[in-house]
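K.L.:
Following this message is one structure expressed as structure tokens.
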Amino acid sequence: MSKSVIEIKDLTKHFKVPVKTVGFGASLRSLFVRKYKTVKAVEKISFSIEEGEMVGFLGPNGAGKTTTLKMMAGILYPTSGTAQVLGYTPSERKRGFQQKISMVMGQKNQLWWDLPATEAYELNKEIYGIPTPEFKETLSELIALLSVEDILQTPVRKLSLGQRMKCELIASLLHRPKVLFLDEPTIGLDLMTQKKVREFLREINRKTKTTVILTSHYMEDVEAICDRVIMIDKGQKLYDGSIKGLIAKYGNEKYLQIDFDSPVDRQELEEIGRVVEYEGVRATFAVSRKDHTALAAKILTKYKVDNLDIQEVKLEDIILKHFSGQK
Amino acid sequence: MKKYFKVFLLSLSTQFQYRSNLVMWLIVAFLEPVVMVMVWSSILGDRPEIGGYGRSDFVLYYLSTTVAWYFVGGVFSGRVGQAIKQGEINKSLIKPYSVVMEAMAGEQAWKVVSLALSLPVVALLWHLFGADYNLQMTWFLALALLVSIIFGASIFALIEALIGITAFWFVEVWPIGEVIGVLRNLFGGILAPLTLLPLYIQRIAVYLPFKYIFYTPVNLFMGRVENPLREIGIQGLYVGVLYIFYKYLWKQGLRRYEGIGG
Numbered sequence: 043m044s045k046s047v048i049e050i051k052d053l054t055k056h057f058k059v060p061v062k063t064v065g066f067g068a069s070l071r072s073l074f075v076r077k078y079k080t081v082k083a084v085e086k087i088s089f090s091i092e093e094g095e096m097v098g099f100l101g102p103n104g105a106g107k108t109t110t111l112k113m114m115a116g117i118l119y120p121t122s123g124t125a126q127v128l129g130y131t132p133s134e135r136k137r138g139f140q141q142k143i144s145m146v147m148g149q150k151n152q153l154w155w156d157l158p159a160t161e162a163y164e165l166n167k168e169i170y171g172i173p174t175p176e177f178k179e180t181l182s183e184l185i186a187l188l189s190v191e192d193i194l195q196t197p198v199r200k201l202s203l204g205q206r207m208k209c210e211l212i213a214s215l216l217h218r219p220k221v222l223f224l225d226e227p228t229i230g231l232d233l234m235t236q237k238k239v240r241e242f243l244r245e246i247n248r249k250t251k252t253t254v255i256l257t258s259h260y261m262e263d264v265e266a267i268c269d270r271v272i273m274i275d276k277g278q279k280l281y282d283g284s285i286k287g288l289i290a291k292y293g294n295e296k297y298l299q300i301d302f303d304s305p306v307d308r309q310e311l312e313e314i315g316r317v318v319e320y321e322g323v324r325a326t327f328a329v330s331r332k333d334h335t336a337l338a339a340k341i342l343t344k345y346k347v348d349n350l351d352i353q354e355v356k357l358e359d360i361i362l363k364h365f366s367g368q369k
Numbered sequence: 357m358k359k360y361f362k363v364f365l366l367s368l369s370t371q372f373q374y375r376s377n378l379v380m381w382l383i384v385a386f387l388e389p390v391v392m393v394m395v396w397s398s399i400l401g402d403r404p405e406i407g408g409y410g411r412s413d414f415v416l417y418y419l420s421t422t423v424a425w426y427f428v429g430g431v432f433s434g435r436v437g438q439a440i441k442q443g444e445i446n447k448s449l450i451k452p453y454s455v456v457m458e459a460m461a462g463e464q465a466w467k468v469v470s471l472a473l474s475l476p477v478v479a480l481l482w483h484l485f486g487a488d489y490n491l492q493m494t495w496f497l498a499l500a501l502l503v504s505i506i507f508g509a510s511i512f513a514l515i516e517a518l519i520g521i522t523a524f525w526f527v528e529v530w531p532i533g534e535v536i537g538v539l540r541n542l543f544g545g546i547l548a549p550l551t552l553l554p555l556y557i558q559r560i561a562v563y564l565p566f567k568y569i570f571y572t573p574v575n576l577f578m579g580r581v582e583n584p585l586r587e588i589g590i591q592g593l594y595v596g597v598l599y600i601f602y603k604y605l606w607k608q609g610l611r612r613y614e615g616i617g618g
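So the sequences go chain by chain: A and B.
Per this note's numbering, the first sequence starts with residue 43, numbered consecutively.
Per this note's numbering, the second sequence starts with residue 357, numbered consecutively.
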């Protein structure tokens, strides 16, 4: 039986932000009287995560994903509710807790800009008090997994974004954390590097049972890395479960992609069903799950068809549809 | 502490990446004491002394203030403020590691480089203008000086840390830093020896921590302190009070912290 490493109950974070004023007069007045409004970044979120799970946080910008992650990592104090990570209260920032977690922030750099990445690794060795043999072993293992042997002696400022992210990942895993928080780990990376990072994270999880929690804008990240997703919007949890379950719950349609022998008029096709893509000889229909076989049969009898492909709705489409308010 | 020594070494390596900066530090090291000595020399004119300070006293005073600055002072409040403002402290909040200590150790790196560069300049100036000065150094005084420098550096660092963490409340910390900087120069005896300033400034200075940063160690070195133990005791008291205040503010600040940025 697996044990839960993260227990979040009614976690809430409200920020008090000054109301921005427009114009010189208003700016002058705001010097003396400032108005504030409360932003509910996270509102009573609860969930638990078990050891070795890989969980993705999905949601649009400002949904509260990163704020939740920061409360779990001990960067932010919750306004109310409780968070327990590995038996610790993160906001107390106990040394024992910090020794067991790590966080990679896609837009923040923990390496030293002017110096090679290895220097930052040596510093982390001191920070976490990693014994030399263990440090050497972990480092060479991580270097091999990410194939970064050639760039370790190059000053960080001369590395590409992808190379830098790989070096960041190594820095964050040197002390063998039990829980790894990743905030947009593949942001701005090229496709090859994204793939490499995803493979790497799966490998680390498989080998060391590290619990991984990530936020990402890239659905591919979540689909490739996570077994479970937590969907958040406006600070509240909308869905918590498997990706398959999410597709079953929200993806009530299937796609029929048809290659015709010769071009067919779009108008004619629109009369049969909802066309989402059209290229003359190829068209894609969106059709409800229960009707898709009937529609396929109808098309096959009416037209000469070269190929017919039935596809599941992509996670990305569901998210897009969901967050643009057309459930 | 090993980790902060590593930060110090890393920052030192960074210093050597920018060689042109080294030349600038050399010029700064040279200019400051020379200008001050020239000003006081012209004020002295034909007089042998002003308020107990003759020409060689002034030379020694400003040279030792310059050297003390490299030992004691490291202006790092801006770094801390920036780190809080831009969310850079996030990375240290998740580690057993202090962003304030990092800033301090990092700042000390260029101080050491500057010290190394300024020592020949100081020696030259001393040889040219102050060599007739009769320094009395005993083991007791040397030990008192060492403790006083450590305490002075701690007071300086704690004030810098306090200025830095006001970034939890204010958007910019540099205006506060500037104000404190002016007060430090005036009441801390960097501008001129305190005994040469108007009596009311000397009276105010007694109630502020600034004179215990540079002025106390420099005067100890010059043999101008009547009761070294008393002065060191006050320094120690300031270190304690400022430390407690700093810990309190840090805790309050983190409660307000919004963890800006990714």
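Idealized CB from N, CA, C, for every residue including glycine.
#1: Please classify B/M460 as buried or exposed, where buried requires at least 16 other C-beta atoms within 10 Å of its C-beta.
#2: Let me see if you follow: with CB-CB separation under 8 Å, is B/G618 close to chain A or not?
#3: Compile a chain-ordered list of the residues in the segment 140-155 of chain A whose CB is closer than 9 Å to at least one CB of chain B.
#4: Give every residue of the same chain whose Cβ lies closer than 6 Å to the Cβ of B/L471, excluding the five residues on either side of it in the sequence, and list them in chain order.
#5: If I measure Cβ to Cβ from B/E516 and keep anything under 6 Å in the same chain, skipping five residues before and after, which residues do I get?
#6: If the criterion is Cβ atoms closer than 8 Å, does the pair B/G408 and B/T551 meet it?
#7: Grouping DSSP H, G and I as helix and E and B as strand, with all else coil, what is A/G315?
#8: Got a sec: is the Cβ-Cβ distance from B/L449 to anything in chain A below 8 Å?
#9: I want to see whether chain B comes within less than 8 Å of A/Q368, judged by CB atoms only; does it?
#10: Name, in chain order, the residues that DSSP records as bridge partners for A/N349.
#11: Say whether chain B places a C-beta atom closer than 8 Å to the C-beta of A/Y78.
#12: Just to make sure I have the definition right: I need the residues of chain B whose C-beta is within less than 7 Å of the C-beta of A/L134. Which are they?
#13: Might you give, ordered along the chain, the residues of its own chain that have their beta carbon closer than 7 Å to the beta carbon of B/Y571, omitting 5 neighbours on each side?
#14: Please return the same chain residues whose Cβ sits closer than 6 Å to the Cβ of B/E463, not counting the five positions on each side in sequence.
#15: Drop a sphere of 10 angstroms on the beta-carbon of B/V428, count the other beta-carbons inside from all chains shown, and report buried for 16 or more, exposed for fewer.
#16: Check A/K79 in the structure and name its three-state DSSP category.
#17: Under a CB-based cut-off of 8 Å, is B/R647 close to chain A?
#18: With DSSP as the reference, identify every bridge partner of A/A325, one or two as the case may be.
#19: Is A/L231 closer than 8 Å to A/L188 when the C-beta atoms are compared?
#20: Classify A/P227 as helix, strand or coil using the three-state DSSP reduction.
#21: Given A/G101, which residues of its chain have a CB within under 7 Å of its CB, disregarding the five upstream and five downstream residues?
#22: For chain B, check one thing: does any of its Cβ atoms lie closer than 8 Å to the Cβ of A/R137?
#23: What separation, rounded to the nearest whole angstrom, lies between the Cα atoms of A/V355 and A/I289?
#24: Excluding sequence positions up to five away, which residues of its chain have a Cβ less than 7 Å from the Cβ of B/V503?
#25: Can the beta-carbon of A/F99 be found closer than 8 Å to that of A/A83?
#26: Provide the residue span of the beta strand (DSSP E) that contains A/G283, from first to last.
#27: For B/R612, does the three-state DSSP call read helix, strand or coil?
#28: Identify the contact partners of A/F74 in chain B, using a Cβ-Cβ distance below 9 Å as the criterion.
#29: Any beta carbon from chain A within less than 8 Å of B/G615's own beta carbon?
#30: Does B/Q492 pass the burial test, meaning 16 or more other C-beta atoms within 10 Å, or should it be called exposed?
#31: Using DSSP's beta-bridge definition, name the partner residues of A/D275.
#32: Can you find a C-beta in chain B that's less than 8 Å from the C-beta of A/G277?
#33: Give the single residue among A/P120, A/G123 and A/Q152 whose Cα lies nearest to the Cα of B/N446.
P.N.:
According to the structure shown:
#1: For the purposes of this step, residue 460 of chain B is taken as the residue at position 104 of the second sequence. Buried is the call here.
#2: The residue labelled residue 618 of chain B in the question sits at position 262 within the second sequence. Any reading at B/G618 needs caution, since the residue's pLDDT is 41, under 50, leaving its predicted position unreliable; the model's value is listed next. Taking Cβ atoms only, chain A reaches closer than 8 Å to B/G618, which makes this a yes.
#3: Q140, Q141, I143, S144, M145, M147, G148, Q149, K150, N151, Q152, W154 and W155
#4: Stepping through the second sequence from its first residue, residue 471 of chain B is reached at position 115. Here the set comprises Y426.
#5: Taking the first residue of the second sequence as position 1, residue 516 of chain B is located at position 160. The residues are F432 and S433.
#6: Mapped onto the second sequence, residue 408 of chain B falls at position 52. Mapped onto the second sequence, residue 551 of chain B falls at position 195. Yes; because the gap between Cβ atoms is below 8 Å, this pair is in contact.
#7: Walking along the first sequence from the start, residue 315 of chain A turns up at place 273. In the structure shown, A/G315 sits in coil (DSSP, three-state: anything other than H, G, I, E or B).
#8: As a first step, residue 449 of chain B must be located in the second sequence, where it is residue number 93. Yes, B/L449 counts as interfacial toward chain A.
#9: Along the first sequence, read from residue 1 onward, the residue named residue 368 of chain A stands at position 326. Low confidence applies to A/Q368: its pLDDT is 45, below 50, so where it sits in the model is not reliable, and the reading given next is rough at best. It does not: the Cβ of A/Q368 has no partner Cβ on chain B nearer than 8 Å.
#10: On the first sequence, position 307 is the one that residue 349 of chain A refers to. The partner list for A/N349 (beta bridge, DSSP) reads A/D301.
#11: By 1-based counting over the first sequence, the position of residue 78 of chain A is 36. So, not an interface residue.
#12: Taking the first residue of the first sequence as 1, we reach residue 134 of chain A at position 92. Per the sequence shown, the amino acid found at residue 134 of chain A is Glu instead of Leu. Simply none; closest approach about 11 Å.
#13: Within the second sequence, residue 571 of chain B is the residue found at index 215, counting from 1. Same-chain partners within the cutoff: G544, G545 and L550.
#14: Residue mapping note: residue 463 of chain B aligns to position 107 of the second sequence, counting from 1. Once the five neighbours on either side are set aside, the close Cβ partners of B/E463 are G430 and F432.
#15: On the second sequence, position 72 is the one that residue 428 of chain B refers to. When all chains shown are included, B/V428 counts as buried.
#16: Position 37 of the first sequence, counted from the start, is the residue given in the question as residue 79 of chain A. Note: A/K79 maps to strand in three-state DSSP.
#17: Only positions 357 to 618 of chain B appear in the structure, and residue 647 of chain B is not among them; the question remains open.
#18: Within the first sequence, residue 325 of chain A is the residue found at index 283, counting from 1. According to DSSP, which records beta bridges pairwise, A/A325 is partnered with A/I300 and A/Y320.
#19: Here residue 188 of chain A corresponds to residue number 146 of the first sequence, with the count starting at 1. Here residue 231 of chain A corresponds to residue number 189 of the first sequence, with the count starting at 1. No, these two residues do not count as a Cβ contact at 8 Å.
#20: Residue numbering aside, residue 227 of chain A sits at position 185 when the first sequence is read from its first letter. The answer is coil: DSSP assigns A/P227 none of H, G, I, E or B.
#21: Counting from 1 along the first sequence, the entry for residue 101 of chain A is found at position 59. Once the five neighbours on either side are set aside, the close Cβ partners of A/G101 are K107, M273, I274 and D275.
#22: The residue given as residue 137 of chain A occupies position 95 in the first sequence. Output row for A/R137: interface = yes.
#23: In the first sequence, the residue the question calls residue 355 of chain A occupies position 313. In the first sequence, the residue the question calls residue 289 of chain A occupies position 247. In a straight line, the C-alpha of A/V355 is about 7 Å away from that of A/I289.
#24: Position 147 of the second sequence holds residue 503 of chain B. Cβ neighbours of B/V503 beyond the five flanking positions: I588.
#25: As a working note, residue 99 of chain A is residue 57 in the first sequence. As a working note, residue 83 of chain A is residue 41 in the first sequence. No, the pair does not count as a contact, with Cβ atoms beyond the cut-off.
#26: As a working mapping, residue 283 of chain A is identified with position 241 in the first sequence. Looking at the DSSP string, the run of the beta strand (DSSP E) that includes A/G283 is Q278 to S284.
#27: Position 256 of the second sequence, counted from the first residue, corresponds to residue 612 of chain B. In the structure shown, B/R612 sits in a helix (DSSP, three-state: H, G or I).
#28: Working through the first sequence from its first residue, we reach residue 74 of chain A at position 32. Ordered by position in chain B, no residue passes the 9 Å Cβ test against A/F74, which lies about 16 Å from the chain.
#29: Within the second sequence, residue 615 of chain B is the residue found at index 259, counting from 1. Yes, its Cβ sits closer than 8 Å to a Cβ of chain A.
#30: Counting from 1 along the second sequence, the entry for residue 492 of chain B is found at position 136. Counting Cβ neighbours within 10 Å, B/Q492 comes out exposed, since fewer than 16 surround it.
#31: Taking the first residue of the first sequence as 1, we reach residue 275 of chain A at position 233. A/Q278.
#32: Stepping through the first sequence from its first residue, residue 277 of chain A is reached at position 235. Chain B contact via Cβ: absent.
#33: Start at 1 with the first residue of the second sequence, and residue 446 of chain B comes out as number 90. Measuring from the Cα of B/N446, the nearest candidate turns out to be A/Q152.
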